[in-house]
Amino acid sequence: MYLQVRLQVEDRDACRFLWSNCSQHTPARVYLLTRLTINVINAHVKQNPEECDEVIQRALSNIHVDNLLMSYDEKSEMAELIRRGRCEFITS
Numbered sequence: 157m158y159l160q161v162r163l164q165v166e167d168r169d170a171c172r173f174l175w176s177n178c179s180q181h182t183p184a185r186v187y188l189l190t191r192l193t194i195n196v197i198n199a200h201v202k203q204n205p206e207e208c209d210e211v212i213q214r215a216l217s218n219i220h221v222d223n224l225l226m227s228y229d230e231k232s233e234m235a236e237l238i239r240r241g242r243c244e245f246i247t248s
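Our numbering applies: residue 157 is where the sequence shown begins, and numbers increase by one.
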């Protein structure tokens, strides 16, 4: 069981995320978190840190259970993480 912290309604907009169904060519949907999960371990990174570059290290350090929570100022940065991250997660 993971420790979960409930977000107040007025704080949920700051914790939004995109969900894309990769098998369909539909726009990503925007969701708002109602709870944050705390104290989740990233086993792969801790066991194999030399296999991950800086971008993947940053992404993996922002995973909570099975959700990636990150923000970017530029869409191109996000697109690069998605492109590289898919390869890393598939081979992990």
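Backbone N, C-alpha and C define an ideal beta-carbon position, used for all residues, glycine too.
Quick check: the Cα distance between residue i and residue j, rounded to an integer number of angstroms?
{"i": "Val165", "j": "Thr190", "result": "8 Å"}
{"i": "Asn177", "j": "Asn223", "result": "14 Å"}
{"i": "Leu188", "j": "Arg240", "result": "25 Å"}
{"i": "Arg168", "j": "Val161", "result": "12 Å"}
{"i": "Leu163", "j": "Phe173", "result": "14 Å"}
Count the other C-beta atoms from every protein chain shown that fall within 10 angstroms of the C-beta of residue i, then say buried if there are 16 or more, exposed otherwise.
{"i": "Ala215", "result": "buried"}
{"i": "Met157", "result": "The predicted model places Met157 with a pLDDT of 48, which falls under 50 and marks its position as unreliable, so this point remains unresolved."}
Under DSSP, the alpha helix (DSSP H) around residue i begins and ends at which residues?
{"i": "Val211", "result": "Glu210 to Leu216"}
On the three-state DSSP scale, how would you describe residue i?
{"i": "Leu237", "result": "helix"}
Which two residues bound the contiguous beta strand (DSSP E) that contains residue i?
{"i": "Arg185", "result": "Arg185 to Leu188"}
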